[in-house]
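338 is the number that numbering that gives the first Met the number 0 gives to position 339 of the sequence shown; each next residue is one higher, with no gaps.
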Amino acid sequence: MPLLLPPVTRRATPPHSWTSARAGRPAPGPHGRLRRALAAAVTALAAATACRPAAPAFGDTRQQASANAESFFGAFAARYTNVQRTPKFAAARGKLGRHALSPSGVFGDTSVWTAAAGDTRTLTVSGRLRGNRYVFDASATAPAPQRPGDSWHYMRLRKLPTEDVFEWVTAVDMATGGASPDQLRDVWRALLASAVRTPAEPLLRAEYRAVTPRATHVLGQLATLDSLAVRPLGDGTAVVALSVSLHPERLKARYPAFGQYVSKYVEPARYALTFEDRRGGRWLVTTARKNRLTFRLRATADGRMAPLDGPVRPMPDTLVMRGEAWAKFSIFTIGMTELTADVALIDGSDERGWEFRFREEPDWHFPLAVNHLISAALRRPFAEEGMQLRITARERDDGQTIIGRRVLVNVQEGAIVRWLGGLGAGAMDDFAGRAEEDENRFLADLFAALQDDFATLLLAGGA
């Protein structure tokens, strides 16, 4: 699946045609940040595994590929370098985290917002590298991203006519340089094609260690590649099974607070997700349990995905995600089963990505002491058009590619939702400060290492 993200063109107000979906908080909480950190780690492992053929796919010429790869990985390295927040945004961020699921507590607080009108409140924030610090600044005139690494953040809270119901809309856009959505797709396809062409696991391991030594070293402080099994099927395709183990105890040597946070919140978490089409064909199966992540898919010799079951055929433009997820907060374990989302492929001439829409309430699993609380508020986010998440990469008119996300979710206040919000706020409090600083340093180190490895590879003429 092409993991491509979204872009913006100019504006300090978002488009009104968002149709995206996700169950989650309006502002990225610590678990959202951890998911992105782990996704970055897994993506880096995949990139390292087949870096040699993937590197030239960043551009039409080796010179262009080198410039595009440098700006792409450099943008993410910049984003996590010595992160600072101006006082207004630092205070607003804490309040938004505490009241994500109880918006009435922040709706009337004028210190949080950069604009207010009637039943709507908005907060716009710019992020950019200033010297050796990445600074987030809240401003009603926050500009669109210009240089690789620049970002634009938008949060809108609207009080709906229905009592105790609020609508959150959030957007994040980050400039990543000149690698177009098509080229980012080609990088992904090169990774898959390389695995199909080199099925022997020892050769793949030797390849990624030789080609990406810096990234392998940084990533080894969090994750190790347990197995990379490639099983040819005799029809030009192969089933690829990837298993990655997380080692938070290793993080503690250089990133102690982040390692401790991963041990507390990630180790007990687990999930199982399957992406399938309407005919029942499975396209991706992924699980996480006891610090081990697994991924299973089928790829063709030219790097396209094929269903795990049955004959080769093109991926349809819509899939269904089914699964379950469990997490532990303090002494409580909370779970969701029968989790379902419609997933649409965005495949335009200048934009690629995915759109998720959650319209079916999952089965919730709470501690016995909480089961007596009225759960009507839990159904509200899935009503009507449901929760929406859109993740795309879009090419702007000036040639800059913007990666970002769009989220829309309705929240109905109630006792059980406020209880969940309290657990999330507690996790966010644990994350804010040293743990977040350590996570930022880890990600900055990882993306800088990938930037150096790809530069060395392209300079040496590897292909």
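The beta carbon of each residue, even a glycine, is placed where N, CA and C say it ideally should be.
Selection from the options that minimises the alpha carbon distance to residue i
i    : options                   : result
R288 : L449, S244 and V319       : S244
L241 : G96, S138 and L191        : L191
W353 : D308, I402 and D452       : I402
I422 : N290, Y264, P231 and G235 : The question names Ile, but residue 422 in the sequence shown is Leu. Looking at the Cα atoms, Y264 is the closest of the given residues.
Y133 : F72, A77, Y254 and V238   : A77
A414 : Y254, T211 and N370       : N370
T336 : D149, Y153, V111 and W325 : W325
S226 : L203, R405 and L218       : L203
F294 : F274, R303 and G309       : F274
V229 : T299, F165, G280 and D346 : T299
K251 : Q220, V105 and F71        : Q220
R269 : R253, G280 and N290       : N290
G233 : P267, E435, T211 and V195 : V195
A375 : L122, V164 and P144       : V164
Residue range of the unbroken beta strand (DSSP E) whose run includes residue i
i    : result
R321 : T317 to F328
G334 : F331 to D346
V408 : T400 to Q411
D362 : D362 to H364
L292 : R291 to T299
R378 : No beta strand (DSSP E) contains R378, which is instead part of the alpha helix (DSSP H) from A375 to R378.
G352 : E350 to E359
V284 : R281 to R288
Same chain, Cβ closer than 6 Å to residue i, neighbours up to 5 away in sequence not counted
i    : result
H364 : G334
F453 : A54 and A68
A22  : Any answer about A22 is weak, because its pLDDT of 35 lies below 50 and its placement is not dependable; what the coordinates show is given next. Hits under 6 Å: F357 and M386.
R208 : T215
D469 : One cannot answer for residue 469 here, as it falls past the ends of the chain, which runs 0 to 462.
L292 : V243
G177 : N67 and G398
R297 : T236, V238, A305 and L307
S469 : For residue 469 there is no data in the structure shown, the boundaries of the chain being 0 and 462.
G346 : The question names Gly, but residue 346 in the sequence shown is Asp. Around D346: no qualifying Cβ.
A434 : A256, F257 and Y260
A127 : According to the sequence shown, residue 127 is Arg rather than Ala. Around R127: D149.
R379 : N409 and Q411
DSSP three-state assignment for residue i, whether helix, strand or coil
i    : result
L191 : helix
A268 : coil
M386 : strand
L227 : strand
K158 : strand
A115 : strand
Q145 : coil
V82  : strand
S65  : helix
L442 : helix
G425 : helix
A237 : strand
G130 : coil
D172 : strand
A49  : Reliability fails at A49, whose pLDDT of 49 lies under 50, so the model's placement of it is uncertain and no value is given.
P5   : Because P5 carries a pLDDT of 30, less than 50, the predicted location of this residue cannot be relied on, and the following value inherits that uncertainty. If DSSP states are grouped into helix, strand and coil, P5 belongs with coil.
S110 : coil
A178 : coil
L456 : helix
R393 : strand
Own chain, CB closer than 8 Å to residue i, minus 5 neighbours either side, in chain order
i    : result
N131 : T80 and N81
P248 : Note that residue 248 is Glu in the sequence shown, not Pro. Cβ within range, chain order: G258 and S262.
L367 : none
D108 : K94
A26  : Legend: pLDDT at A26 = 39, less than 50; position of this residue unreliable, no value from coordinates given.
G279 : D308
V311 : D234, G235, T236, T299 and A305
Residue range of the unbroken alpha helix (DSSP H) whose run includes residue i
i    : result
V261 : No alpha helix (DSSP H) holds V261; DSSP gives it neither H nor E.
S138 : Premise fails: S138 is in no alpha helix (DSSP H) and is neither H nor E.
T215 : P212 to L218
R249 : P247 to R253
V311 : That residue, V311, is in no alpha helix (DSSP H); it is neither H nor E in DSSP.
V105 : S103 to F106
Own chain residues within Cβ distance below 7 Å of residue i, not counting five before or after
i    : result
L272 : T285, M320 and G322
R213 : A448, D451 and D452
D136 : T85, F88, V124 and S125
F328 : L422, G425 and A426
P361 : M335, T336, E337 and L338
D444 : V217
T113 : T121, L122, T123, A137, S138 and A139
Count the C-beta pairs between the region 311-322 and the region 341-356 that are closer than 8 Å, then say yes if the count reaches three, no if not. yes
Per the contact definition of three or more C-beta pairs closer than 8 Å, is the region 85-95 in contact with the region 194-207? no
Does the region 100-113 touch the region 418-438, meaning 3 or more C-beta pairs lie closer than 8 Å? yes
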